[in-house]
Structures are given as structure tokens and as C-alpha cells.
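I have placed the structure first, in the form of C-alpha cells, so that the comments after it can refer back to it.
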Amino acid sequence: MAAREINVRALREGLAQALTEVQSGRRLIVTQHRQKIAAVVPIKDLLLLQRAKESSPMSIHTLFNHAGGSAKTTTVRELSYQLSKMGFKVLAVDLDSQANLSEWLGFGDVPREHTVLPTMLDRKPLEVHPQYNAHGFDLIPANLNLVDIEDRLATPEIFQFRNALRDVAREHQYDFVFIDASPSGAKLSQQACIAADSIICPVMPTVKGHTSLVTLNSLIDRINPLNPGLKVSMYLLTNLNPTSTMNVHFQGELRARIEELGVPLFSEGIRRRETVYEAASYMMQPVTSLERKTKIHGLKEAQEELQQMAEFVLGQLQVGAEQGVTL
Numbered sequence: 057m058a059a060r061e062i063n064v065r066a067l068r069e070g071l072a073q074a075l076t077e078v079q080s081g082r083r084l085i086v087t088q089h090r091q092k093i094a095a096v097v098p099i100k101d102l103l104l105l106q107r108a109k110e111s112s113p114m115s116i117h118t119l120f121n122h123a124g125g126s127a128k129t130t131t132v133r134e135l136s137y138q139l140s141k142m143g144f145k146v147l148a149v150d151l152d153s154q155a156n157l158s159e160w161l162g163f164g165d166v167p168r169e170h171t172v173l174p175t176m177l178d179r180k181p182l183e184v185h186p187q188y189n190a191h192g193f194d195l196i197p198a199n200l201n202l203v204d205i206e207d208r209l210a211t212p213e214i215f216q217f218r219n220a221l222r223d224v225a226r227e228h229q230y231d232f233v234f235i236d237a238s239p240s241g242a243k244l245s246q247q248a249c250i251a252a253d254s255i256i257c258p259v260m261p262t263v264k265g266h267t268s269l270v271t272l273n274s275l276i277d278r279i280n281p282l283n284p285g286l287k288v289s290m291y292l293l294t295n296l297n298p299t300s301t302m303n304v305h306f307q308g309e310l311r312a313r314i315e316e317l318g319v320p321l322f323s324e325g326i327r328r329r330e331t332v333y334e335a336a337s338y339m340m341q342p343v344t345s346l347e348r349k350t351k352i353h354g355l356k357e358a359q360e361e362l363q364q365m366a367e368f369v370l371g372q373l374q375v376g377a378e379q380g381v382t383l
């Protein structure tokens with residue numbers, strides 16, 4: 057159920073009705089002078105937040121799928137925003153030379169010294185610059201010069217980024233770090249996987265999506281000597297299209313195959329809603345931060361799907377922590 061904004065005065069005058077809404081599962085975002093100042097949430101959400109905060113140490117997760125169009129960048133943006141709104145401290149890292157995550161959050165023309173390049177190539181500490189706080193979470197942005205890593209990264213520097221990222225995550229006391237990995241750059245992808253505690257894989261119901269499961273497992277096999285224990289912690293179905301016969305067919309194929317793998321799956325999935333996601337990128341905002349009054353077709357449904365996805369991801373990360381598994 058999507059959150060609803062309500063100003064302080066309306067909340068005070070209609071408190072009983074507002075609490076009934078919250079009891080039914082709706083979150084209320086309280087505003088004053090058009091600024092978001094607080095939230096009223098169902099008790100189950102509060103308990104989930106408390107349990108996750110108590111049980112989950114800092115963890116780093118790479119969003120990766122070599123198949124383009126799997127919505128990994130969108131997923132990083134939406135997860136980072138949603139979890140930060142739940143009260144977690146989140147860092148997003150743009151490790152894709154296309155720099156879409158950075159641009160979709162309003163950060164273009166990023167100087168080299170604000171990216172990961174000085175860390176990976178010059179052995180300098182990784183820095184989080186305050187001007188890249190985006191909608192409540194921090195961002196280490198990217199630019200097109202990240203392609204230099206493919207030619208210049210030397211073998212002795214292979215763990216430099218991983219170590220620097222963990223140092224900065226501990227220094228800033230982040231709960232979660234999400235890395236938007238390059239789908240094409242071999243060394244950038246390798247760096248994203250070496251740094252990660254787990255891989256979260258958005259996958260679309262297409263031929264490419266189906267074959268990407270094999271490719272991803274092959275990548276993990278190659279990375280394991282450098283990062284023992286790395287695994288896929290969950291799959292997220294994206295770009296669902298119930299009007300396409302082939303799309304529906306491959307939804308079934310993916311669900312069956314992932315069940316065989318024994319990996320958690322966000323089976324409800326995220327539907328293809330091009331108008332919504334293009335509008336969010338154009339407006340340089342997460343989908344779930346857009347106001348309903350914009351009247352973008354499908355916005356309400358997209359926001360509800362993304363909230364469900366964030367709750368699923370948080371729940372899986374919490375389960376892993378409770379089982380003593382480093383995710």
C-alpha cells in the first residue's frame with residue numbers, strides 16, 4: 057500500500073481516521089510548509105525496522121546482471137531511497153561508466169576526484185562528498201572516465217577498492233551499501249563483485265534474462281577465489297509485461313529455474329511502466345518520491361510495487377543476518 061502525504065493540520069484534525077489508515081497498513085508522511093518532517097507507520101513496519109537495525113551489521117551488495125535493460129540502476133536508486141526513508145543510513149556507489157545512476161539523481165559533469173578513480177588507480181582513500189546526498193542517501197558518483205579502469209587497473213591494486221569502501225562505510229556508519237555495477241566492463245564488474253558481501257540480481261523475463269543466470273554463476277565461480285563465499289542473495293523479477301505471451305512464458309521459466317537454485321525470488325516483480333520510469337529519470341527523482349498530483353499514468357501502482365520490493369529485500373537481508381550469514 058503506497059504512502060500518503062498529510063500535513064500537520066490535517067493530521068491533527070483527522071487523527072482518528074489517519075490512525076485507521078495506518079492500522080490497515082498505510083504509511084503516512086507528515087508535512088509542514090511543504091517539507092517532509094515525520095512519518096506515521098504501522099507497528100509491523102516499526103518492528104521490522106527495529107529488528108533489522110539491531111541484527112544487521114553493515115553490508116555491501118552489488119546489483120549486477122550483464123544483460124542490459126534489467127533495471128539494475130533503477131533498482132539501486134529505489135532501494136537506496138526506500139531504505140533511507142525507513143531510517144537506515146545508505147550509500148550508493150555508481151560503478152558504471154555510463155553514469156546513469158548519477159545523472160538520474162541530478163549529478164552530471166562529475167569531476168574525476170569525486171569518483172572511485174583516485175582510489176582504484178592512485179591508491180587514495182575513498183571519499184564521500186556531502187554535495188552528493190540524494191534524497192536522503194549518499195552517492196559516490198561516476199563519469200565516463202571510469203572506462204580507464206579497463207586499461208589501467210593493475211593486479212596489485214585489485215583489493216584497493218574493496219578495502220577503501222569498507223573503511224569509508226565503517227567511518228560513516230552506513231547500514232547498507234549498494235553498488236550499481238557495469239554490465240559490460242570486465243574489470244569494473246570484477247571490482248564490484250570483489251567488494252560485495254552478496255549479489256542482488258534483477259532479471260527480466262526474456263531469452264537474455266534466462267541465459268544471464270548461467271553467466272552470472274560463471275562470474276561468481278571466477279570471483280570466488282578472490283572473494284570466498286560470494287553468492288547471489290536474491291533475484292528480483294523486473295520488466296514484467298502481462299500482455300506479452302513470450303514475457304509471461306519466460307516469467308514461468310525464470311521462477312522455475314530460480315526455485316531449483318534455491319535462491320529467494322521477488323516473484324511478484326516490477327512491471328514495465330516506461331512512462332513512470334522515464335519521468336522519474338527526467339525529473340531526477342526516485343519513483344517513490346514523486347507526488348501523486350503529477351498524474352503520471354501508472355505511478356501509484358509502480359510506487360506500491362517498489363515499496364513491496366524494498367520490504368522483500370530488507371526482509372531477506374535481515375534473515376541472512378539472523379542466520380549468521382554475511383550477506
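Following the numbering used here from start to finish, the sequence shown increments by one per residue and tops out at 383.
Cβ coordinates follow ideal geometry from the N, Cα and C atoms, glycine included.
Start and end residues, alpha helix (DSSP H) containing T271:
For T271, the enclosing alpha helix (DSSP H) starts and ends at 263 to 279.
Quick one: is M302 buried, meaning 16 or more other Cβ sit within 10 Å of its Cβ, or exposed?
Exposed, because fewer than 16 other Cβ atoms sit within 10 Å of the Cβ of M302.
DSSP-derived helix/strand/coil call for N297
Note: N297 maps to coil in three-state DSSP.
CB of I11 within 9 Å of CB of A74, strictly:
The chain is shown only over 57 to 383; residue 11 falls outside these bounds and no answer can be derived.
Give the DSSP-derived three-state secondary structure of L383 in the structure shown.
Any reading at L383 is ruled out, since the residue's pLDDT is 35, under 50, leaving its predicted position unreliable.
Is the CB-CB distance between V146 and V233 below 9 Å?
It is a contact, given that the beta carbons lie within the stated cut-off.
Return the residue from the list Q88, L269, A335 that minimises the CA-CA distance to R313.
A check of alpha carbon separations from R313 across Q88, L269, A335 identifies L269 as the nearest.
Measure how close the beta-carbons of L321 and M290 come, nearest whole angstrom, since I'm counting them as under 8 Å.
Yes, they are in contact, since the Cβ atoms of L321 and M290 sit about 7 Å apart, within 8 Å.
I'd like to confirm the pairing. Which residues does DSSP put opposite I256 in its beta bridges?
Paired residue(s): L119, M290.
In chain order, what residues of the same chain have a beta carbon less than 6 Å from the beta carbon of A66, not counting five sequence neighbours either side?
Residues of the same chain with a CB within less than 6 Å of the CB of A66, apart from the 5 flanking positions on each side, do not exist.
Near P181, which residues of its chain fall below 8 Å by C-beta distance, leaving aside the five closest residues on each side in sequence?
Residues T175, A220, D223, V224 of the same chain have their beta carbon placed closer than 8 Å to that of P181, with the five preceding and five following residues left out of the count.
Quick one: measure Cβ to Cβ for H117 and I205, integer angstroms, because I've assumed they're closer than 8 Å.
Between H117 and I205 a beta carbon distance of about 21 Å is seen, past the 8 Å cut, so the two are scored as non-contacting.
Please confirm if the segment 150 to 157 is in contact with the segment 185 to 204, defined as three or more CB-CB distances below 8 Å between the two stretches.
Yes, the segment 150 to 157 touches the segment 185 to 204.
Candidates E367, L373, Q372: closest to K141 by CA position:
Answer by Cα proximity: E367.
Mind checking R348: buried by the 16 CB within 10 Å criterion, or exposed?
Classification for R348: exposed.
Just to confirm my understanding: we take H170, look at its own chain, exclude 5 residues before and 5 after, and list those with CB closer than 8 Å. What are they?
Cβ neighbours of H170 within its own chain (closer than 8 Å, five residues either side excluded): E183, H185, Y188, I196, P197.
S300 versus D101 - alpha carbon distance
Using only the alpha carbons, I get a separation of about 35 Å.
Please confirm if the segment 226 to 240 is in contact with the segment 124 to 136, defined as three or more CB-CB distances below 8 Å between the two stretches.
Counting Cβ pairs under 8 Å, three or more are found: they touch.
Return helix, strand or coil for T87, following the three-state DSSP convention.
In the structure shown, T87 sits in a strand (DSSP, three-state: E or B).
Buried or exposed: which applies to Q79, given that a residue is buried once 16 or more other Cβ atoms fall within 10 Å of its Cβ?
Burial is judged here by how many other beta carbons sit within 10 angstroms of a residue's own beta carbon; Q79 has fewer than 16 and is exposed.
Could you please give the first and the last residue of the uninterrupted beta strand (DSSP E) stretch that includes R60?
Note, R60: beta strand (DSSP E), 60 to 63.
Of the residues T294, L272, L296, which one's Cα is nearest the Cα of L286?
Of T294, L272, L296, the residue nearest in Cα terms is L272.
Closest residue to L292 among L370, H191, S337 (Cα-Cα distance)
Out of L370, H191, S337, the CA that lies nearest to the CA of L292 is found in L370.
C-beta atoms of S136 and A190 nearer than 9 Å
In this structure, S136 lies near A190, with their beta-carbon atoms less than 9 Å apart.
What are the boundary residues of the alpha helix (DSSP H) that V146 is part of?
Where V146 is concerned, there is no enclosing alpha helix (DSSP H), although the beta strand (DSSP E) it sits in stretches over 146 to 151.
Continuous alpha helix (DSSP H) stretch holding F215: start and end
From DSSP, F215 is part of no alpha helix (DSSP H); its letter is neither H nor E.
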